[in-house]
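Residue numbers (mature numbering (1 follows the signal peptide of the UniProt record, and there is no 0)): -28 to -1, 1 to 126.
All C-beta atoms in this analysis are idealised placements derived from N, C-alpha and C, irrespective of residue type, glycine included.
In what follows, a structure is listed as structure tokens, so that the remarks can point back to it.
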């Protein structure tokens, strides 16, 4: 009887270790029970929180129209939409132009505020304006800006 108890204990221990190994490996790639959201220092969420002063070249109360021009702003957004409001938007799901604006504004702020950012300010402005040509172009550019914004924190 003692030998069967020993083998059951060993089986339970081996099973436990295997399960720990398997679950430990996957927890690095996806969140557990709690929802996690990237809150780095270069994301739109960070800039919309106003935890850090915005660069003087792109004040948060400035409008999209002033930064990107009347033609770009009036085509898709309100003329009085501020940069701060743009980073706080939650309409980017299924809205390529909303995602482009949100990620593009964060990229523009990063280009002034972070010396090691991937793009110069003129590049961000040019790419955002060029991406306005179509929804697929806007979606692709929003993804590029999002990747640059996340990589900026590393």
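- DSSP places residue 104 in no alpha helix (DSSP H); its state is neither H nor E.
- Non-local beta-carbon contacts of residue 84 in its own chain, meaning distances under 7 Å to residues more than five positions away in sequence, involve 27, 29, 30 and 93 in chain order.
- Contact check for residue 68 against residue 114 passes: the beta carbons are separated by less than 8 Å.
- By the Cβ neighbour-count rule, residue 75 is buried, with 16 or more other Cβ atoms within 10 Å of its own.
- Non-local C-beta neighbours of residue 70 in its own chain, meaning closer than 7 Å and more than five positions away in sequence, comprise 61, 63 and 64, ordered along the chain.
- Separation of the CB atoms of residue 15 and residue 122 is rounded to 7 Å, and the pair is thereby assigned contact status at 8 Å.
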